[in-house]
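Protein chains in written order, with my numbering: chain H, 6 to 645; chain C, 33 to 332.
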Amino acid sequence: MNNESNLPPETSRVSPIVAHERKGLLRFITCGSVDDGKSTLIGRLLYESHVIFDDHLAALAVDSARFGTRGDNLDFALVVDGLAAEREQGITIDVAYRYFSTDRRKFIVADTPGHEQYTRNMVTGATTADLAVILVDARHGVVTQTRRHSHVASLIGIKQVVLAVNKIDLVGYSRDRFDAITADYRDFAADLGFDDVVSIPISAVFGDNVTTSSENTPWYVGPVLVAHLESVVVDTGAHRQPFRFPVQLVNRPHGGFRGFSGTVASGEIRPGDDICALPSGLTSRVARISSADGDLDEAVVGQSVTLVLTHEIDVSRGTLLCSVEHPVDVADQFEADVIWMYEEPMHPGRRYLLKLGPITAGLTISPPKYVLDVNTHEHLAAKTLVLNEIGVCIVMVDRPLPFESYASNRDLGGFIVIDRMTNATVAAGLLRFALRRSTNAHWQELDVTPESRSAMKGHRPGVVWLTGLSGAGKSTIANHLEARLHDLGVHTFLLDGDNIRHGLNRDLGFTETDRVENVRRVGEVAGLMVDAGLIVLVSLISPYREERQGVRDLVGEARFCEVFVDTPIEIAERRDPKGLYAKARRGDLPNFTGIDSPYESPVEPEVRIDTTRVEPGAAAELIVAKLRNMNLVGDSAARF
Amino acid sequence: MVELNHLQQLEAESIHIMREAVAESERPVMLYSVGKDSAVMASLARKAFHPSPPPFPLLHVDTMWKFREMYEFRDSAVAQLEMDLLVHQNPECVAEGINPFEHGSAVHTDRWKTDGLKQALDRWRFDVAFGGARRDEEKSRAKERIFSLRSAQHRWDPKQQRPELWHTYNLRRAPGESVRVFPLSNWTELDVWMYIHREQIPVVPLYFAAMRPVVSRSGALIMVDDDRMPLGIGEVPTPRMVRFRTLGCYPLTGAIESTAATVTDIIQEILSSATSERQGRAIDFDSSASMEMKKQDGYF
């Protein structure tokens with residue numbers, strides 16, 4: 006790609022620039038609990054590698070006097086505690102990235118703080134790290150936090166660990182203390198799957214064994230911290246694995262050129278190699294590896310290149326190109342570790358989005374099989390996941406996904422979960438294994454299709470979804486509507502929320518999670534009835550926008566008619582046909598919509614009925630007019 | 033086993049980021065400040081989409097107070113890059129004659145750059161904007177994401193940032209929201225110069241030491257680039273051997289004394305240097321949290 010291949014082989018007199026050009030890159034994460042001296046250690050590393058410049062030191066002296074906790078000494082922690090908000094609170098609240106380099110390596114440090122947000126931040130920092138520096142205070146040894154950090158590092162797939170036994174000065178540079186902590190940690194970490202644990206006695210405040218061997222620890226013969234970071238061999242094994250290449254973009258500047266751009270996720274590729282495109286399974290051969298520096302003879306793990314194939318096959322963003330001999334599996338149901346990262350808890354059954362590399366797909370998550378206690382590694386029972394919890398769940402995507410287990414490849418097995426309403430990134434997921442291979446789980450192909458069934462009727466299938474507060478008048482309007490549609494010769498079926506709760510959904514209560522599941526089940530049933538060719542009327546409070554959107558997505562925009570039965574709560578409460586509001590006000594009915602549980606009004610419903618002004622019969626006519634407008638019901642009744 | 037060196041890894045990561053941004057945006061744009069980081073970023077863009085030209089224009093938010101050599105360089109460099117260049121000057125600032133001498137550095141920067149940028153993004157309805165900022169430049173940047181969501185008012189909320197995991201980025205946004213993308217997040221000043229050296233990327237000659245007329249003001253060496261600069265009584269521009277580590281508006285950009293006249297000289301200088309790159313920037317000195325506040329207001 007450049008002139009480096011023309012450089013002479015390593016000699017004893019390479020110019021500094023050449024040496025710097027050749028150096029490698031190590032990404033690591035630092036973790037420690039609140040007072041273990043993590044920020045001080047990073048500040049020390051930056052200072053020792055001359056990243057803290059004179060003018061920064063001048064600013065640091067001012068800041069140390071103002072915010073510092075070290076008396077007259079420079080407080081290195083202030084170098085790394087960046088945002089004004091957190092400096093005033095004296096805590097760091099997010100992941101920060103720091104950079105320093107030596108002659109041998111450039112380092113990217115993910116600095117993650119140790120407070121309530123810890124798991125989220127540490128997971129984030131760990132996903133791009135090759136190594137973890139875990140700090141312990143020599144006075145306290147291995148504590149709960151140490152175990153938690155180690156579990157998370159192990160889960161995210163970090164194989165190299167440095168146990169930095171800090172504040173060794175405060176235990177009189179005691180070898181016995183150091184040995185005891187090291188033995189204690191090794192004992193605990195034995196089954197965490199680390200390739201290597203190196204334990205180093207340091208003092209971040211005074212610099213012992215950070216960049217140079219300390220005279221205070223003559224008994225310590227291992228490497229100092231920086232020397233170890235410079236030389237540690239990080240091997241993810243990705244280069245030995247078969248070729249995998251997620252396509253990011255199709256590059257098509259003009260008729261003659263069609264290239265597929267992406268970054269090699271594992272293995273290597275050369276012109277002439279056969280490849281297979283997943284999930285389609287089509288095969289082709291690499292004709293060229295195109296780059297701005299000319300065509301390449303090969304591309305290896307981590308390189309961003311553009312592949313040109315010998316013959317045209319259907320490839321688009323999200324296609325995985327891989328070795329023909331060793332293709333990946335394709336599946337749509339998995340067991341996965343899910344790390345919840347959002348204030349609002351997980352809603353099992355809700356439709357989220359999965360993003361795995363360039364692939365975006367619809368996703369639903371089951372209630373956790375168990376939640377992991379990151380302090381003890383115990384499995385606990387739970388119905389959902391809340392912020393910073395890690396659970397094992399079944400995840401289902403709405404299309405077949407080419408994948409690898411997270412353990413074998415982070416890029417092909419690690420995904421994020423996005424909330425479709427807020428667009429927030431709410432979770433991280435690690436694919437463990439497929440529960441059902443798509444290859445043997447094709448949808449049962451049906452000869453009689455929804456289209457052929459609906460062709461027998463005089464109308465198209467669809468869903469009329471009436472949403473609104475309890476007592477808004479949904480059921481009354483639904484009954485009028487069904488009678489009217491019946492007169493028009495339309496085959497209907499009415500699903501009423503109250504009735505369904507006596508049967509299909511009698512196991513569900515009124516918590517947020519149960520309400521989500523309630524709507525999901527009714528949506529699925531409505532979907533089946535649409536396949537049967539019916540116009541399905543649903544009368545259900547369905548308080549959450551997201552679940553209603555989920556049903557809309559399920560049955561299809563063109564077949565979904567959302568009707569907002571809009572009744573102010575004062576009026577619904579005055580009507581109170583079932584006496585429920587009175588009960589709720591007395592506190593006998595918790596989680597009552599509109600009282601102590603929210604109702605999210607539709608933003609753009611197909612029909613909005615203001616029940617203070619429109620009678621139920623007129624409301625039914627308005628809905629019929631809309632169904633005609635949507636082409637679900639014909640103008641002249643049955644002859645459509 | 034072939035292992036990529038750090039520059040190759042940084043290059044591959046930046047290219048990956050740019051492709052992700054383009055794949056998930058409607059109207060991307062690349063902010064172009066004429067400096068070395070912009071030069072590297074534009075060069076990476078050429079590589080990312082080769083043999084296609086980068087599928088977005090360059091946008092220069094101009095203040096009319098840049099160094100003359102920057103304007104000359106800009107027009108020739110853009111012609112070589114074969115990319116379209118859009119230039120936006122805040123029309124209110126033009127009308128009011130906003131300048132750093134009468135209005136001060138804070139007002140000057142806020143109106144020309146922050147307001148100007150927001151106007152330009154709105155004017156052309158860009159939904160994704162690449163910027164050349166690096167995390168090593170300044171403390172509050174260390175926590176900036178690679179993909180940074182901005183509200184419809186272009187504001188940055190440090191508490192509402194999305195976690196970034198692996199190399200999988202969430203670019204989903206509501207109507208009106210936009211995303212600032214920083215492909216050089218993980219680069220340092222040294223990396224940038226090493227890359228310029230490796231790739232032979234042309235940069236503005238002001239980065240190289242030469243005799244230039246300067247005056248010393250509050251400890252900073254300010255180059256007298258044209259006759260708009262008012263001189264104090266007895267203040268005489270003196271030729272000195274200087275260069276610039278960063279470039280911006282000439283009255284706000286301090287020179288450093290240096291004899292580094294080539295890219296290799298500069299790399300040697302950085303390897304033995306003891307002052308940080310933003311030291312010459314008047315913008316950061318207002319208060320130690322000033323960058324954070326500017327970012328919240330929409331500065332990039």
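Idealized CB from N, CA, C, for every residue including glycine.
None of these values were measured; they are calculated from a predicted model.
Item	Value
Straight-line Cα distance separating C:K68 from C:T220	12 Å
Segment limits, beta strand (DSSP E) that includes H:I280	D279 to L283
Rounded distance between the beta-carbons of H:V215 and H:R322, thought under 8 Å	Their Cβ separation, rounded to whole angstroms, is 45 Å, which puts H:R322 and H:V215 out of contact at 8 Å.
In DSSP terms, what C:S351 is bridged to	Residue 351 of chain C is absent from the model: chain C starts at 33 and stops at 332.
Closest by C-alpha distance to H:L136, when choosing among H:D108, H:T107, H:V556 and H:D240	H:D240
Residue-chain proximity (H:R18, chain C), Cβ-Cβ < 8 Å	For H:R18, the predicted model reports a pLDDT of 44, less than 50, meaning its position is unreliable; a value from the coordinates is still stated below. No, because no Cβ of chain C sits closer than 8 Å to the Cβ of H:R18.
Residue from H:A209, H:D41, H:S236 and H:F193 whose Cα sits closest to the Cα of H:S106	H:S236
Interface residues of the segment 202-214 of chain C facing chain H [CB-CB below 7 Å]	N202, R204, R205 and A206
Beta bridge counterpart(s) of H:K111 as assigned by DSSP	H:L30 and H:S106
Identified DSSP bridge partners for H:W614	It is worth fixing the name first, because residue 614 of chain H is Ile in this sequence and not Trp. According to DSSP, which records beta bridges pairwise, H:I614 is partnered with H:V570.
Residues that DSSP places opposite H:L139 in a beta bridge	Residue 139 of chain H is actually Ile in this sequence, not Leu. The partner list for H:I139 (beta bridge, DSSP) reads H:C36 and H:L168.
Which residues DSSP lists as bridging H:Y357, in chain order	H:L368
Proximity of H:I186 and H:G227 at Cβ, strictly below 8 Å	no
Pair within 8 Å by beta-carbon distance, H:V379 and H:T133	no
Those runs of the beta strand (DSSP E) which lie wholly inside the segment 251-316 of chain H and span at least 3 residues	264-268, 279-283, 287-295 and 309-314
Cut-off 6 Å between Cβ atoms - residues of its own chain near C:L117, not counting five sequence neighbours on either side	L90 and V110
Given 8 Å, three or more beta-carbon pairs between the segment 293-303 of chain H and the segment 57-64 of chain C	no
Bridge partner(s) assigned by DSSP for H:V237	Per DSSP, none; premise fails for H:V237.
Per-residue DSSP class, three states only, for C:I298	helix
Closest by C-alpha distance to H:V138, when choosing among H:Y225, H:A537, H:D116 and H:R144	H:D116
C-beta contact flag for H:L312 and H:F250 at 8 Å	yes
Contact set between C:R194 and chain H, taken where Cβ atoms lie within less than 7 Å	A429 and T430
7 Å CB neighbourhood of H:V305 in its chain, flanking five on each side removed	H244, V269 and E273
Interface flag, H:G95 vs chain C, CB-CB below 8 Å	In this prediction, H:G95 has a pLDDT of 41, which is less than 50 and means its spatial position is unreliable; what the coordinates show is noted afterwards. Cβ-Cβ to chain C under 8 Å: no for H:G95.
Boundaries (first-last residue) of the alpha helix (DSSP H) holding H:T518	E517 to D536
Beta-carbon proximity of C:Q121 to C:M102, cut-off 8 Å	no
Min CB distance C:I265 to chain H below 8 Å	no
C-beta contact flag for C:N202 and H:K28 at 8 Å	no
Complete alpha helix (DSSP H) runs within the segment 577-611 of chain H (minimum length 4 residues, chain order)	585-591
8 Å Cβ cutoff met for H:P595 and H:P548	no
Touching by the beta-carbon criterion (3+ pairs, under 8 Å), the segment 402-414 of chain H and the segment 375-391 of chain H	no
Sufficient close CB pairs (3 or more, under 8 Å) joining the segment 163-178 of chain H to the segment 204-214 of chain H	yes
Span of the beta strand (DSSP E), counted from its first residue to its last, around C:A242	A242 to R249
Element boundaries [beta strand (DSSP E), containing H:L326]	L325 to S328
From C:R182, C:A44 and C:H135, residue whose alpha carbon lies closest to that of C:S75	C:A44
Cβ-heavy atom distance, C:P60 to the ligand COA, below 7 Å	Absence of the ligand COA from the depicted structure is noted, as is the absence of any ligand whatsoever, leaving it without description.
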